[in-house]
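**Q** By UniProt numbering, the letter at position 36 of the sequence shown is numbered 36, and the numbering carries on one by one without gaps.
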Amino acid sequence: MFHLIVAISARTPADIEPIADALARMRPTCLAEPGCLAWEAYHSADAAEKFYLVETWASRAAWEAHGELSAIQDIYVPEIMPRINREVHPCSRIG
Numbered sequence: 001m002f003h004l005i006v007a008i009s010a011r012t013p014a015d016i017e018p019i020a021d022a023l024a025r026m027r028p029t030c031l032a033e034p035g036c037l038a039w040e041a042y043h044s045a046d047a048a049e050k051f052y053l054v055e056t057w058a059s060r061a062a063w064e065a066h067g068e069l070s071a072i073q074d075i076y077v078p079e080i081m082p083r084i085n086r087e088v089h090p091c092s093r094i095g
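The following block contains the structure:
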């Protein structure tokens, strides 16, 4: 399995609502993709500009293929990327 956490920061307060809306629309598409075992988006309760994606994929290859599919190409790249700074963290589960 391949686990990933993406830390997202909205560039301006005006970007927060459009980011949240786009992430909500991405979820069902991501979950339907081959190899997607879990895909959750969280909005920080303490810092309005912060979002976190917590993803589990069957393999790194499945995650890499996800980058070429609809959720990323039709929503994330055009609607979210111009509004954010981000850090991508591939992770290993402990325990």
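Yeah, the Cβ is synthetic: ideal placement off N, Cα and C, and Gly gets one too.
Measure the C-alpha to C-alpha separation of Ile84 and Glu40 and round it to an integer number of angstroms.
**A** So the alpha carbons of these two residues sit roughly 18 angstroms apart.
**Q** Let me know the secondary structure DSSP gives Ser70 once reduced to three states.
**A** Three-state DSSP puts Ser70 in a helix.
**Q** How should Ile80 be labelled, buried or exposed, when 16 other C-beta atoms within 10 angstroms of its C-beta is the threshold for buried?
**A** Under this definition Ile80 is a buried residue.
**Q** Where does the unbroken alpha helix (DSSP H) through Pro28 begin, and where does it stop?
**A** From DSSP, the alpha helix (DSSP H) with Pro28 extends over 16 to 32.
**Q** Just to confirm the assignment, what range does the beta strand (DSSP E) spanning Ala7 have?
**A** Run containing Ala7: 2 to 10, per the beta strand (DSSP E) assignment.
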